[in-house]
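J.: Mind having a look at this structure? Questions to follow.
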Amino acid sequence: MLYFADFKTITQKSEEYFNHNHPRNVGEIVKILIKKYPQLKNILLEAKTNKIKDTISIAINHSIIKNPNPRSESLQKDDILAFLLPISGG
Numbered sequence: 005m006l007y008f009a010d011f012k013t014i015t016q017k018s019e020e021y022f023n024h025n026h027p028r029n030v031g032e033i034v035k036i037l038i039k040k041y042p043q044l045k046n047i048l049l050e051a052k053t054n055k056i057k058d059t060i061s062i063a064i065n066h067s068i069i070k071n072p073n074p075r076s077e078s079l080q081k082d083d084i085l086a087f088l089l090p091i092s093g094g
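Its first residue numbered 5, the sequence shown is counted upward by one per residue in my numbering.
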């Protein structure tokens, strides 16, 4: 798991490994992350629906996934996962 922006600030890490009982899909990693870092819930999920926000891009092995239901996206043991916030600035 790679952390950037607010994710890095909240976790105080740039990366984290989940070696034992690795998550099988994005939905499982979301549950693990929110349990470990409750502040991530407001960044990751829509308040009313608990769906992953449309503004969050999800990269697996450095490729953005285009799944309308990203929670179901499968993960393999050595996959690299990152949640990316929208780029802003001026």
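Idealized CB from N, CA, C, for every residue including glycine.
On a predicted model such as this, the values are computed, not experimentally measured, just so you know.
1) Identify, in the order they occur along the chain, each residue of the same chain with its Cβ nearer than 8 Å to the Cβ of L48, setting aside the five sequence neighbours on each side.
2) Keeping to the same chain, check which residues put their C-beta closer than 7 Å to that of K45; ignore five residues upstream and five downstream.
3) Within this structure, are the beta carbons of L79 and N25 separated by less than 7 Å?
4) Under the rule that 16 or more other beta-carbon atoms within 10 Å means buried, what is Y21, buried or exposed?
5) Taking the alpha-carbon of I14 as reference, which of I69, K81, T53, Y41 has the nearest alpha-carbon?
T.: Concretely, from the data shown:
1) Indexing the sequence shown from 1 puts residue 48 at position 44. Within the same chain, L48 has close Cβ partners V34, L37, I38, I56, K57, I60, F87.
2) Along the sequence shown, read from residue 1 onward, the residue named residue 45 stands at position 41. Here the set comprises I38.
3) By 1-based counting over the sequence shown, the position of residue 79 is 75. By 1-based counting over the sequence shown, the position of residue 25 is 21. For L79 and N25, no; Cβs fall outside 7 Å.
4) Within the sequence shown, residue 21 is the residue found at index 17, counting from 1. So Y21 counts as exposed.
5) Residue 14 sits at position 10 when you count from the first residue of the sequence shown. Taking only the C-alpha atoms, the option nearest I14 is Y41.
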